[in-house]
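At position 11 of the sequence shown the residue is numbered 11 (the working numbering), and the sequence of numbers has no breaks. For every residue, glycine included, the Cβ atom is placed at its ideal position computed from N, Cα and C. This report concerns only the one structure given below.
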Amino acid sequence: NTIEWVNLELGAVMLTEEKLNTSKAYFYIANKYDIVGFALAVQIEKAYKVIVDPSSDKAQNESSKDSKMHTDTDVGSGIFCCTNYIRAFCGISRLWVKKDYRRKKIASRLLDQVRKNFIYGCELKPSEVAFSQPSGDGKAFATHYTGTREFLVYADD
């Protein structure tokens, strides 16, 4: 079962049957049969904007003025978010790419399809997709994909 394998790889708990029934699964297939990427999108009602630590801005500006993409790998994967929620419709509960296929835009392509197909007739902007419990790498990806360090997160009930 793909979802069980992804949960094991990510160290995530199994979702309830109810949550799985309202989710949409997206697969990236290579070589006709090999699942090398997986995204699980869930319907949500609210999300919270990540709060950027101002002290990391100063360190970031001093250490990487020429960098195109900022990642907070040096300050860990902890996330602080605003207490006021905003309306949101699409949450990414699971996002996984097979190790040998990482850094090849597979996760971005999966999320592009989520944005285009999650709500029939409505294409979401990258900034309208919320992430559940991103790891340090997930935080870096979400920052890059959405174009902001203040991306959306949601509580995976």
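Residues that W96 bridges to, as DSSP identifies them: F38
Around the C-beta of E17, are 16 or more other C-beta atoms found within 10 angstroms, so that it is buried, or is it exposed? exposed
Exposed or buried, T143, counting other C-beta atoms within 10 Å across all chains shown (16 or more means buried)? buried
Who are the near neighbours of F131 in its chain, counting only those whose CB is closer than 6 Å to its CB and skipping five residues on each side? I92, A142, V153
Unbroken alpha helix (DSSP H) run spanning S127, endpoints: Per DSSP, S127 belongs to no alpha helix (DSSP H) and is neither H nor E.
Taking the straight line between their C-alpha atoms, what separation do you get for R109 and I3? 19 Å
Between which two residues does the beta strand (DSSP E) containing I29 stretch? 23-30
By Cβ distance below 7 Å, which residues in the same chain neighbour V97 in space, the five residues on each side in sequence not counted? V36, G37, I106, A107
Can you tell me whether V50 is helix, strand or coil according to DSSP? strand
Quick check: the segment 13-29 against the segment 38-45, are at least 3 beta-carbon pairs closer than 8 Å? yes
To the nearest angstrom, how far is the alpha carbon of N117 from that of K125? 12 Å
By a C-beta neighbour count over all protein chains shown, 10 Å radius and 16 as the cutoff for buried, is C90 buried or exposed? buried
Whole-angstrom distance between P134 and K65, CA atom to CA atom: The pLDDT assigned to K65 is 39, lower than 50, so where the model puts this residue is not dependable, and the model offers no usable value.
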